[in-house]
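Just so we're aligned, residue 1 is where the sequence shown starts under full-length UniProt numbering, counting upward by one. Built from N, CA and C at the ideal position, the CB exists for glycine as well. Here's the structure we're looking at; comments come further down.
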Amino acid sequence: MQAEQPITQELKRWIVAQAQAGCRPEDVLEAMKSSGWRDEVAIRAMEEALQSHLQSQGPLPGSGMAAFDPRTTAPSPAQAAGLTPREGPARAAPAGLLAAAGQPGPDLASGRSTLIAGDREVTVLMQSQRPRAVLFGNFLSSGECEALVAMARGRLARSETVVNETGGSEVNSARTSDGMFFNRGENELCARIEKRIADLLRWPIQNGEGLQVLRYLPGARYLAHQDYFDPEQPGAGTILARGGQRVGTLVMYLNTPLRGGATTFPDAGLEVSPVRGNALFFAYDRPDPACLALHSGAPVEEGEKWVATKWLRQGVFS
């Protein structure tokens, strides 16, 4: 049996110090593994430390991607528990994590069940830490939902998926919806919703793709997939050149299907029913399955499902 590795306050302080100094998440993870932390414990510690800091202190200043300083080591499990002394002073390495130094998300620190999203008050219906997800009620009005559907209906075409080898897109049997994209700020309604998203998730409007509206007819579904782009694929450079990696998704439900159509997270055992006006936000601070952001659109069993999706990028999307 493996020995328990408790996530202590010393370890969390060290992780936050790395984020404040500004380096890649994978370097912090490697430093912890080199000091004896198991993968799953290291990942959980990073998520807990930075999410707690984000909720209590707000985003960390700066989000530079400096190189890791190999002279700095993470506290070992024994050192973090106070069982062995550290060699030399505890010094922050230049290592930072997107989770708290530049990650979209609502301000949940107050613990309130309602939040102000610019021009609208929304309700916090559900929160999850893994995956990092929040379900909002009353994000869109019935009139806004109907207007988006009406504007999109005549522009629908078969949905496509990204081709990792080229960076292009193509029709794929894994995704059987119809969809269309609005340009960012294309009309007054889109601009209003984009401003609301930016206010709620504290993320610049320009760091987002245009709204995509999707229609799922009976039997239509989207098999389990990640929204982030695999940086190891040949076409990654083309995709990432337009604004960097995706770091968050907001799915807005424009109607309530009669049956089926849930958004599911199979690795986390989480399922969210589509209800008109609700919006589901989930984030992934790195392109890694450990974020548990793998998700699918379950088949619509009766009626139609309409959703609007907003993908958030690291940088300005053009």
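Checklist entry - L189 and L148: beta carbons closer than 8 angstroms? => result Counted from its first residue, the sequence shown places residue 189 at position 189. Counted from its first residue, the sequence shown places residue 148 at position 148. Contact flag set, yes.
Checklist entry - What's the C-alpha gap between P257 and G235? => result Working through the sequence shown from its first residue, we reach residue 257 at position 257. Working through the sequence shown from its first residue, we reach residue 235 at position 235. Their Cα atoms are separated by approximately 36 angstroms.
Item to check | Candidates Q51, E30 and S52, of which the one nearest A42 by Cα | outcome: Numbered from 1 along the sequence shown, position 42 holds the residue referred to as residue 42. The candidate whose alpha carbon is nearest that of A42 is E30.
Checklist entry - Are the segment 242–261 and the segment 112–130 touching, with three or more C-beta to C-beta distances below 8 angstroms? => result no
Next on the checklist: Mapping the DSSP letters down to three states, classify R259 as helix, strand or coil.
Outcome noted: Against the sequence shown, residue 259 aligns to sequence position 259. Looking at R259 - three-state DSSP - the assignment turns out to be strand.
Checklist entry - Can you list, in chain order, the residues of its chain whose CB lies under 7 angstroms from that of Y228, leaving out five sequence neighbours each side? => result Position 228 of the sequence shown, counting from 1, holds the residue named residue 228. Closer than 7 angstroms at Cβ, skipping near neighbours: Q245, R246, Y284 and P287.
Next on the checklist: Three Cβ pairs or more, each shorter than 8 angstroms: is that satisfied between the segment 188–208 and the segment 266–277?
Outcome noted: no
Next on the checklist: Check for me: the beta strand (DSSP E) holding G143 runs from which residue to which?
Outcome noted: Locating residue 143 in the sequence shown gives position 143, counting from the first residue. Looking at the DSSP string, G143 is not in any beta strand (DSSP E); the run it does join, the alpha helix (DSSP H), is S142 to R153.
Next on the checklist: Let me confirm a value: I15 is counted as buried when at least 16 other C-beta atoms fall within 10 Å, else exposed. Which label applies?
Outcome noted: Sequence index remark: in the sequence shown, residue 15 carries index 15 (1-based). So I15 ends up on the buried side.
Next on the checklist: Quick check on this structure: which residue in A224, Y216 and G208 has the alpha carbon closest to the alpha carbon of Q314?
Outcome noted: Walking along the sequence shown from the start, residue 314 turns up at place 314. Of the candidates A224, Y216 and G208, the one whose C-alpha sits nearest the C-alpha of Q314 is G208.
Item to check | G64 versus P104 - alpha carbon distance | outcome: As a working note, residue 64 is residue 64 in the sequence shown. As a working note, residue 104 is residue 104 in the sequence shown. For G64, the predicted structure reports a pLDDT of 40, less than 50, and the residue's modelled location is therefore unreliable. A value from the coordinates is still provided. Answer to the nearest angstrom: the Cα atoms are 16 angstroms apart.
Item to check | Opening and closing residue of the alpha helix (DSSP H) in which A236 lies | outcome: As a first step, residue 236 is located in the sequence shown; it is residue number 236 there, counting from the start. A236 -> alpha helix (DSSP H) spans A236 to L240.
Checklist entry - alpha helix (DSSP H) containing E30: first to last residue? => result Within the sequence shown, numbered from 1, the residue matching residue 30 stands at position 30. Looking at the DSSP string, the run of the alpha helix (DSSP H) that includes E30 is P25 to S34.
Next on the checklist: For V28 and F182, I'd like the C-alpha separation in whole angstroms.
Outcome noted: Walking along the sequence shown from the start, residue 28 turns up at place 28. Walking along the sequence shown from the start, residue 182 turns up at place 182. Roughly 38 angstroms separates the two Cα atoms.
Item to check | Complete runs of the alpha helix (DSSP H) confined to the segment 94–138 [at least 4 residues] | outcome: 98–101
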